[in-house]
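What follows is one structure encoded as structure tokens, with my remarks underneath.
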Amino acid sequence: MDHFLYRNGELHAEDVPLSCIASQVGSPVYVYSAATLTRHFGLFRQALDWTEHLVCFAVKSNSNLAVLKLMGDLGAGMDVVSGGEYARAKAAGVPGDRIVFSGVGKTIPEMRMAIEGGIRQFNIESEPEMRALSALCVSMGATVPVAIRVNPDVDAKTHEKIATGKSDNKFGIPISRAMEVYAEAASLPGLRVVGVDVHIGSQLTDLAPFRAAYLKVAELTRALRAEGHAITRLDLGGGLGIPYRRDNSAPPLPIEYGQVIRETVGDLGCEIEIEPGRNIVGNAGILLSRVIYVKNGEARDFLIVDAAMNDLLRPAMYGAHHDIVPVMEAAVGAPVRPYDVVGPVCESGDTFQKGADLPALSAGALIAFRSAGAYGAVMASEYNSRPLVPEVLVQGDHFAVIRARPTYDEMLGRDSIPAWL
Ligand SMILES: Cc1ncc(COP(=O)(O)O)c(C=O)c1O
Ligand SMILES: N[C@@H](CCCC[NH3+])C(=O)O
Numbered sequence: 001m002d003h004f005l006y007r008n009g010e011l012h013a014e015d016v017p018l019s020c021i022a023s024q025v026g027s028p029v030y031v032y033s034a035a036t037l038t039r040h041f042g043l044f045r046q047a048l049d050w051t052e053h054l055v056c057f058a059v060k061s062n063s064n065l066a067v068l069k070l071m072g073d074l075g076a077g078m079d080v081v082s083g084g085e086y087a088r089a090k091a092a093g094v095p096g097d098r099i100v101f102s103g104v105g106k107t108i109p110e111m112r113m114a115i116e117g118g119i120r121q122f123n124i125e126s127e128p129e130m131r132a133l134s135a136l137c138v139s140m141g142a143t144v145p146v147a148i149r150v151n152p153d154v155d156a157k158t159h160e161k162i163a164t165g166k167s168d169n170k171f172g173i174p175i176s177r178a179m180e181v182y183a184e185a186a187s188l189p190g191l192r193v194v195g196v197d198v199h200i201g202s203q204l205t206d207l208a209p210f211r212a213a214y215l216k217v218a219e220l221t222r223a224l225r226a227e228g229h230a231i232t233r234l235d236l237g238g239g240l241g242i243p244y245r246r247d248n249s250a251p252p253l254p255i256e257y258g259q260v261i262r263e264t265v266g267d268l269g270c271e272i273e274i275e276p277g278r279n280i281v282g283n284a285g286i287l288l289s290r291v292i293y294v295k296n297g298e299a300r301d302f303l304i305v306d307a308a309m310n311d312l313l314r315p316a317m318y319g320a321h322h323d324i325v326p327v328m329e330a331a332v333g334a335p336v337r338p339y340d341v342v343g344p345v346c347e348s349g350d351t352f353q354k355g356a357d358l359p360a361l362s363a364g365a366l367i368a369f370r371s372a373g374a375y376g377a378v379m380a381s382e383y384n385s386r387p388l389v390p391e392v393l394v395q396g397d398h399f400a401v402i403r404a405r406p407t408y409d410e411m412l413g414r415d416s417i418p419a420w421l
């Protein structure tokens, strides 16, 4: 359940009519619901309430400072994958000892920044990274907690571009080599081995791959302990999927996911960390857009809207589906017709949906792309020199712009033309 509901014939975000946001902020614009974010975060905490745990919000899914502050104030940790994400988490007030640093290509300056600012743990993804981190720690006179990300060679059964747990993916070290890599980690100065990390992919709609991966992690943890490694934490990654179609059967709930964790690794007595992103923020956000033109083509009718692939890349990049709904509720039983919903960018790939069944719409009508809170604004660009899409947070009957749309002057002001040209 989210907090985007029709009331008095119009789609609302909590108690705010979306037309009110569009008229004050313009469109396209992302709109997030604080109540949905809070509710979804609570579901993960509840799912792990049987053990010591930290829910580390995956900052890559939505890195808006206000969203991070809301999560952090609720007690969330953060999973970051770059210096920029680390800086955002800190700027949102999250203490370093609640931040885990993942990612295959951490640079020395990024690692130094996190050591200086405080870090809960580095999730190491390769031996070269492990050695570089050790050398850096020695040079700084520091010791940092680390987990090693293992690649369990499990098929996550998700889109190939977002699967990360197969042996041909770039992520983690092969679980078959874990014992020797942990032995080296334990011998390196500056590193304190505390845990095992795994993340097998995103938008998983079946619990079986999680179960398979976590069973392998449990087996590894036992073997590592037998060798004398003090494994006290398990970082089990993120990846729980969300329903992108209202009419689809819903993927498993956080509580069911928590049960799988309990059944697979619950007896090890480890502190559990998880890194959900999409499941917390995906259905806490919509992209609000306005129809610019209705173009009656020869073969089909096009709704040309003011959002484009640069604002919401998922359909163009993964062929992803986002339900498109009119903001003004159609009368029950109103006839629908198929529209191709497209943006203004000069690529045929700038198509959100072909043959979307919608009631008759005219220029100026508002529509909403649902389930757009995760991997929406964070993947936006200024392609075609379109201003970066703004973001709004709603709480109850009020809202605030949490990232403003840049003016053309601001956009131009970022470039410079060398004097010698
Ligand atoms: C290491 C890591 N943790 C967490 C996540 C968050 O995944 P999701 O948004 O699917 O929960 C990702 C993305 O797949 C990831 O790469
Ligand atoms: N960007 C992807 C998710 C990537 C997850 C990253 N580990 C999406 O939009 O679905």
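The sequence shown runs 1 to 421 under the UniProt record's numbering. Glycine residues also receive a C-beta, built at the ideal position from the N, C-alpha and C atoms. Bear in mind that the values here come from a model prediction, so they are computed numbers and not experimental data.
Just checking residue i against ligand 1 - is the residue's beta carbon closer than 7 Å to any of the ligand's heavy atoms?
i, result
"Pro276", "yes"
"Asp206", "no"
"His199", "yes"
"Thr351", "no"
"Thr36", "no"
"Asp79", "yes"
"Asn279", "yes"
"Ala240", "It is Leu, not Ala, that sits at residue 240 in the sequence shown. True, at least one ligand heavy atom lies under 7 Å from that Cβ."
"Ser126", "no"
"Thr407", "no"
"Ala58", "yes"
"Ser61", "yes"
"Ser102", "yes"
"Thr164", "yes"
Any heavy atom of ligand 4 closer than 7 Å to the CB of residue i?
i, result
"Gly237", "Ligands present in the displayed structure are limited to ligand 1 and ligand 2, and ligand 4 is not among them."
Applying the criterion that 16 or more other CB atoms from any shown protein chain within 10 Å of the CB defines a buried residue, is residue i buried or exposed?
i, result
"Asn310", "buried"
"Glu410", "exposed"
"Lys216", "buried"
"Asn123", "buried"
"Glu180", "exposed"
"Asn62", "buried"
"Asn8", "exposed"
"Leu234", "buried"
"Gly103", "buried"
"Ser23", "exposed"
"Thr407", "exposed"
"Ser381", "exposed"
"Arg370", "buried"
Check whether the Cβ of residue i lies closer than 8 Å to any Cβ atom in chain B.
i, result
"Tyr244", "Considering every chain present, this structure includes no chain B. It has just one protein chain."
Does DSSP put residue i in a helix, in a strand, or in coil?
i, result
"Cys56", "strand"
"Lys354", "strand"
"His3", "coil"
"Asn310", "coil"
"Leu115", "A small fix is needed here, since residue 115 is Ile in this sequence, not Leu. Three-state result, Ile115: helix."
"Asn384", "helix"
"His12", "strand"
"Phe171", "coil"
"Ser82", "coil"
"Leu37", "helix"
"Glu160", "helix"
"Ala400", "strand"
"Pro315", "helix"
"Ala87", "helix"
"Leu65", "helix"
"Lys295", "strand"
"Gly195", "strand"
"Ala368", "strand"
"Tyr30", "strand"
"Ser289", "strand"
"Ile417", "coil"
"Tyr182", "helix"
"Ile324", "strand"
"Glu256", "helix"
"Ala330", "coil"
"Arg98", "helix"
"Asp73", "helix"
"Ile274", "strand"
Residues surrounding ligand 2 [beta-carbon distance to nearest heavy atom under 5 Å]: Ile162, Ser202, Arg314 and Tyr375
Is there contact here, the stretch 265 to 284 with the stretch 318 to 327, by at least three beta-carbon pairs under 8 Å? no
Contact the stretch 293 to 313 vs the stretch 267 to 277: 3+ CB pairs below 8 Å: The answer is no - the stretch 267 to 277 does not touch the stretch 293 to 313, with fewer than three Cβ pairs under 8 Å.
Indicate whether the contact test is met: 3 or more Cβ pairs, each with one atom in the stretch 346 to 365 and one in the stretch 391 to 407, closer than 8 Å. no
Segment contact, 8 Å Cβ cut-off, at least three pairs: the stretch 175 to 195 with the stretch 91 to 109: no
I'd like to know if the stretch 25 to 35 and the stretch 227 to 242 are in contact, where contact means that at least 3 CB-CB pairs between them fall below 8 Å. no
Using 8 Å as the cut-off, can you tell me whether the stretch 115 to 122 makes contact with the stretch 86 to 100, which would need three or more C-beta pairs spanning the two stretches below that distance? At 8 Å Cβ cutoff, the stretches touch.
Would you say the stretch 153 to 169 touches the stretch 80 to 94, given that touching needs at least three Cβ pairs under 8 Å? no
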